[in-house]
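Participant:
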Amino acid sequence: MNREDFTILRDSNMVYFDNGATTLKPDSVRDAILKYYNEYTSNIHRGDYENSLKVSGLYEDTRRLVKDFIGAGHSSEIVFTKGTTESLNMIAFGYFRNHLKKGDEILITEMEHASNVLPWFVLSEEIGVVVKYIPLNKNNEVSIDNLESVITNRTKVVSLAHMTNVIGDVRDIKKIARVCHNHDILFVVDAAQSVAHEYINVTDMDVDFLAFSGHKMYGPTGIGVLYGKFDLLKEMKPLNYGGGMNAIFNKDGYIELKDVPDRLEAGTPNIEGVLGLSECIRYINKIGLEKIRNYERSLKDYLIDKLKKLDFIKIYNKTNKGSIVAFNIEGVFSQDTAIYLDKYKICVRAGNHCAKMTKDIFDVANTVRVSLSFYNTKEEIDLLINVLKNSKNIWEEIL
Amino acid sequence: MDNDMKRAIILDNYSNPKNRGIPDSDGYIKINSNNQSCIDNIDIYVKLKEDKIEDIKFEGEACVIAISSTSILSNMLVGKSIDEAKEIIKNYFNMIEEGEYDKDMLGEANVYEDMYKQPSRKTCATLFIRGINKILDNEKE
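In C-alpha cells, the structure reads:
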C-alpha cells in the first residue's frame, strides 16, 4: 500500500526487501528536508530573526511529536542523537559508567545487534561489570522464566532489542519491564527494528531507556532518538561538550550546563535530520501503525506459507511475530543467493546482520533476510518465490 | 576454457572442496581470513616443513567463489616450496587485478580469469591467498 508516495518505487521495478537495514523514504520526508534548505536555512537557538525562530520552533515541535509518538511523559525526556548506536553508547557510557560498579551484572541475549553488545563489553573492560546472557527458548525467544532464571542480586541492567534484526521476534517489553523493576533493575530497550512496525508506549511499558533511528522509520539517516526517564537523564553525563549545551562558563574553568535534553545535544544538531524525522512520524501517523502492523503481518504469513512449500528452503523463524524472515537455499551460501536475487532486482540482505553471536544459536552464521514493509506487495513475494523456484539455475546466473 | 567448463570446475570445488576440515594433528600454523566488506570467513591451517608447504587445511563459511578458489589454490600450493608458492600467489593476484601473469603457472585457477569484471567478487577470489600470504611472509622474515 501507499507505493505512490515513494519516487523510488514509482520510478523503478526494484523489489525492496531490505527494510531492516534501512527503509525507503517517502517524498514528503525529502520535501521537508529540501524546504529547510530552500526556504529557511538557519541555525537553531538564540537567533533573533524570523527563519531562526521558525526553525527553532520546528525543532522543538519535533521533540513533542516524538514524545507523543512513543508515549513519553515529557518532551525533555527526548534527546536527538545520530541514531540508535549513539543513543545506546550514551546510555552505557553517559549513564551506566557512572552508576555501576565492579561485579554488577548486565543481561543481554546472543541475538542482540552489535550496538547493544559492544558498549557493554567495553564497559566490562573499563569498570569490571559482567555481561551475561539470558538463555533463549526453542524459538530463540526471551521468556520470562528464562529471564528470571539468570537474575541475581547483582543484576543491575537488562538491555534488549524490542524486535531482533535477525529473526524479528518481538519481545514482551511491558512484562519484562515489570520483572526488571521488581528486582530494582533498569531496563534498556533497543527499538531500532520495531519503531516503524510495532506500537511503543514507554510510559505504559515502563521502560527506563529507549533508543531508535530515523532511517529505519522512513526518515533520513544520521538522526535518532534517546529516550530516558527524566530522573535518569538528569544523571547522565554528556559525552560531548561545546556550544548549545552550556549555560555559563568562566575563565577559571567553571561550567554550568543547561538542563536536559539540551546538555546532551552539544554542537549544532542535525537540523535537516530532525525536520525529516518530524515528517516521517507524521507520515506513519497518517497511515496508522495498527494498519501497518496488520498488513505487514499478513504479508509475512503469506511469505512463510509460500516458502514452506519449497522443500529446498530452510526457514529459521517460522513462528516469530515480526516482519522479518530468515532463510537459506539448501547448499547455497547466503551471499550467493543475494547476488542471484539481485539479478532480478530483488534486494535482500545476506549475512549475520550484525548479530555475530547468532552463529552459536543456528547451525549457520549467515542467512538470507527478507524484512518487509507496508509498501511491499503479495505480487513482489510471488516474484521472489518464482525466482527461488528457478534457483536450480543459480550457478548459470551468477558464475 | 569455455564458461561451462569454468562453471563445472568452480562448482565441483565448491561442492567437494579439497583440503576442507580442521587438522587432527599438531604442527599447523592457523590464520583467519575474512572479508570485512562481506561475510566470507575461513580459518586456514598450514603445515610447513623445511621451507616446503607440507599440508593445508581450511574450514569456515564463505561464498561459492571463496570456497572454490580456496580449494583449487590450496591444492596447487601443497608440496611447493615457499618461494614457488609465493610466485604462484603473485601471478594469481596479478590475474585478478588485471596485471601481467603467467597463465601456465595457474592451471585450474585460470577459471577466475574474468573475475576482474566483477569487482565486488575480487575479495572473494583472494580470500585464501590473502590469508596464506600472511603466513608465508612471516616465515620469510
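First to last, the protein sequences are chains V and U. Just so we're aligned, residue 0 is where the first sequence starts under numbering that gives the first Met the number 0, counting upward by one. Just so we're aligned, residue 0 is where the second sequence starts under numbering that gives the first Met the number 0, counting upward by one. Think of the CB as a built atom: it goes at the ideal place given N, C-alpha and C, for glycine as much as any other residue.
Given Tyr282 (chain V), which residues of its chain have a CB within under 8 Å of its CB, disregarding the five upstream and five downstream residues?
Facilitator: Walking along the first sequence from the start, residue 282 (chain V) turns up at place 283. Contacts found: Asp4, Pro25, Ser27, Val28, Tyr217.
Participant: How about Leu298 (chain V) and Ile380 (chain V): are their beta carbons less than 8 Å apart?
Facilitator: Start at 1 with the first residue of the first sequence, and residue 298 (chain V) comes out as number 299. Start at 1 with the first residue of the first sequence, and residue 380 (chain V) comes out as number 381. For Leu298 (chain V) and Ile380 (chain V), yes; Cβs fall inside 8 Å.
Participant: Please confirm whether Ile69 (chain V) and Val201 (chain V) have their CB atoms less than 8 Å apart.
Facilitator: Translated into positions along the first sequence, residue 69 (chain V) becomes position 70. Translated into positions along the first sequence, residue 201 (chain V) becomes position 202. Cβ distance < 8 Å, so Ile69 (chain V) and Val201 (chain V) count as in contact.
Participant: Counting only runs of 4+ residues fully inside the segment 137-215 of chain V, write out the alpha helix (DSSP H) ranges in chain order.
Facilitator: Counting whole runs of 4 or more residues, the segment 137-215 of chain V contains the alpha helix (DSSP H) stretches 143-149, 172-181, 201-204.
Participant: Compile a chain-ordered list of the residues in the segment 45-71 of chain U whose CB is closer than 7 Å to at least one CB of chain V.
Facilitator: Against chain V - using a Cβ distance shorter than 7 Å - the residues of the segment 45-71 of chain U are Glu60, Ala61, Cys62, Val63.
Participant: What's the gap between the Cα of Gly213 (chain V) and the Cα of Val63 (chain U)?
Facilitator: By 1-based counting over the first sequence, the position of residue 213 (chain V) is 214. By 1-based counting over the second sequence, the position of residue 63 (chain U) is 64. Going from the Cα of Gly213 (chain V) to the Cα of Val63 (chain U) covers about 36 Å.
Participant: Of all the residues that make up the segment 333-351 of chain V, which are near chain U by a beta-carbon distance shorter than 7 Å?
Facilitator: Of all residues in the segment 333-351 of chain V, Gln334, Asp335, Ala349, Gly350, Asn351 have a Cβ within less than 7 Å of some Cβ in chain U.
Participant: Assuming Ile66 (chain U) and Gly130 (chain U) form a contact by the criterion Cβ under 8 Å, report the distance between their Cβ atoms to the nearest whole angstrom.
Facilitator: Residue mapping note: residue 66 (chain U) aligns to position 67 of the second sequence, counting from 1. Residue mapping note: residue 130 (chain U) aligns to position 131 of the second sequence, counting from 1. Not a contact, Cβ separation roughly 13 Å.
Participant: Report back the beta-carbon spacing between Gly223 (chain V) and Lys131 (chain V) to the nearest angstrom; my notes put them in contact at under 8 Å.
Facilitator: Sequence index remark: in the first sequence, residue 223 (chain V) carries index 224 (1-based). Sequence index remark: in the first sequence, residue 131 (chain V) carries index 132 (1-based). Wrong, their Cβ atoms sit about 27 Å apart, outside the cutoff.
Participant: At the 8 Å Cβ level, is Leu126 (chain U) part of the contact set with chain V, yes or no?
Facilitator: Residue mapping note: residue 126 (chain U) aligns to position 127 of the second sequence, counting from 1. With 8 Å as the cut-off, Leu126 (chain U) does not count as an interface residue toward chain V.
Participant: So which residues on chain U does Ala364 (chain V) lean against when the C-beta distance must stay under 7 Å?
Facilitator: The residue you call residue 364 (chain V) lines up with position 365 of the first sequence. Here the neighbours are Glu60.
Participant: Around the C-beta of Leu238 (chain V), are 16 or more other C-beta atoms found within 10 angstroms, so that it is buried, or is it exposed?
Facilitator: The count along the first sequence starts at 1 and reaches residue 238 (chain V) at position 239. By the 10 Å Cβ count, Leu238 (chain V) comes out exposed.
Participant: Compare the C-alpha of Ile9 (chain U) against each of U:Met114, U:Asn137, U:Leu135 and name the closest.
Facilitator: Residue 9 (chain U) sits at position 10 when you count from the first residue of the second sequence. When each option's Cα is compared against that of Ile9 (chain U), the closest is U:Met114.
Participant: If you draw a straight line from the alpha carbon of Asn249 (chain V) to that of Arg63 (chain V), how long is it in whole angstroms?
Facilitator: Numbered from its first residue, the first sequence carries residue 249 (chain V) at position 250. Numbered from its first residue, the first sequence carries residue 63 (chain V) at position 64. Using only the alpha carbons, I get a separation of about 33 Å.
Participant: For a contact meaning CB atoms closer than 7 Å, what does Leu10 (chain U) contact in chain V?
Facilitator: Numbered from 1 along the second sequence, position 11 holds the residue referred to as residue 10 (chain U). The contacting residues are Trp394.
Participant: Could you check how far apart the C-beta atoms of Met13 (chain V) and Lys344 (chain V) are, in whole angstroms? I think they sit under 8 Å.
Facilitator: Taking the first residue of the first sequence as position 1, residue 13 (chain V) is located at position 14. Taking the first residue of the first sequence as position 1, residue 344 (chain V) is located at position 345. That belief holds up - the Cβ atoms of Met13 (chain V) and Lys344 (chain V) are roughly 5 Å apart, short of 8 Å.
Participant: If I follow the unbroken beta strand (DSSP E) through Gly350 (chain V), where does it start and stop?
Facilitator: Taking the first sequence and counting its residues from 1, one reaches residue 350 (chain V) at position 351. That run of the beta strand (DSSP E) goes 348-350.
Participant: Considering Arg368 (chain V), what are the terminal residues of the alpha helix (DSSP H) in which it resides?
Facilitator: Here residue 368 (chain V) refers to the residue found at position 369 when the first sequence is read from its first residue. Not the alpha helix (DSSP H): Arg368 (chain V) falls in the beta strand (DSSP E), residues 366-370.
Participant: So what does DSSP say about Arg120 (chain U), is it helix, strand or coil?
Facilitator: If you number the second sequence from 1, residue 120 (chain U) lands on position 121. Helix.
Participant: Shortest alpha-carbon distance to Lys236 (chain V) belongs to which of V:Ser51, V:Asp261, V:Pro219, V:Cys346?
Facilitator: Indexing the first sequence from 1 puts residue 236 (chain V) at position 237. Answer by Cα proximity: V:Asp261.
Participant: Mind checking who Tyr132 (chain V) pairs with in its DSSP beta bridge?
Facilitator: The residue labelled residue 132 (chain V) in the question sits at position 133 within the first sequence. Tyr132 (chain V) pairs with V:Ile107.
Participant: Do we get a CB-CB distance below 8 Å when we pair Arg6 (chain U) with the residues of chain V?
Facilitator: Position 7 of the second sequence, counting from 1, holds the residue named residue 6 (chain U). It does; some Cβ of chain V falls within 8 Å.
Participant: Using a C-beta cutoff of 8 Å, does Leu398 (chain V) count as contacting chain U?
Facilitator: Here residue 398 (chain V) refers to the residue found at position 399 when the first sequence is read from its first residue. Yes, its Cβ sits closer than 8 Å to a Cβ of chain U.
Participant: Rounded C-beta distance between Ile133 (chain V) and Leu117 (chain V)? I'm assuming under 8 Å.
Facilitator: As a first step, residue 133 (chain V) is located in the first sequence; it is residue number 134 there, counting from the start. As a first step, residue 117 (chain V) is located in the first sequence; it is residue number 118 there, counting from the start. Between Leu117 (chain V) and Ile133 (chain V) the Cβ distance is about 18 Å, and since that is not below 8 Å, they are no contact.
Participant: Under 9 Å Cβ-Cβ, which residues of chain V neighbour Ile38 (chain U)?
Facilitator: Locating residue 38 (chain U) in the second sequence gives position 39, where the first residue counts as 1. In chain order: Phe332, Ser333, Gln334, Ala349, Gly350, Asn351, Ala364, Asn365.
Participant: Measuring alpha carbon to alpha carbon, tell me which of V:Glu111, V:Leu106, V:Leu52 ends up nearest Cys179 (chain V).
Facilitator: For the purposes of this step, residue 179 (chain V) is identified with residue 180 of the first sequence, where counting begins at 1. Out of V:Glu111, V:Leu106, V:Leu52, V:Leu106 has the C-alpha closest to the C-alpha of Cys179 (chain V).
Participant: In this structure, does DSSP put Phe436 (chain V) in helix, strand or coil?
Facilitator: As shown, chain V starts at 0 and ends at 398. That puts residue 436 (chain V) outside it, with no answer to give.
Participant: Counting along the chain, where does the beta strand (DSSP E) carrying Tyr115 (chain U) start and finish?
Facilitator: By one-based count along the second sequence, residue 115 (chain U) stands at place 116. Here Tyr115 (chain U) belongs to no beta strand (DSSP E), and DSSP marks it neither H nor E.
Participant: If I measure Cβ to Cβ from Leu87 (chain V) and keep anything under 7 Å in the same chain, skipping five residues before and after, which residues do I get?
Facilitator: Residue numbering aside, residue 87 (chain V) sits at position 88 when the first sequence is read from its first letter. For Leu87 (chain V), where only same-chain residues beyond five positions count, the Cβ hits under 7 Å are Ser114, Asn115, Pro118, Asp189, Ala210.
Participant: Rounded to whole angstroms, what is the Cα-Cα separation between Lys228 (chain V) and Ile280 (chain V)?
Facilitator: The residue given as residue 228 (chain V) occupies position 229 in the first sequence. The residue given as residue 280 (chain V) occupies position 281 in the first sequence. Straight-line Cα distance between these residues: approximately 21 Å.
Participant: Pull up the distance between the alpha-carbon of Tyr134 (chain U) and that of Ile143 (chain V), whole angstroms please.
Facilitator: As a working mapping, residue 134 (chain U) is identified with position 135 in the second sequence. As a working mapping, residue 143 (chain V) is identified with position 144 in the first sequence. Going by the sequence as given, residue 134 (chain U) is Ile instead of Tyr. About 48 Å.
Participant: Under the DSSP definition of a beta bridge, which residues are partnered with Gly223 (chain V)?
Facilitator: Here residue 223 (chain V) corresponds to residue number 224 of the first sequence, with the count starting at 1. DSSP lists V:Thr80, V:Ser212 as partners of Gly223 (chain V).
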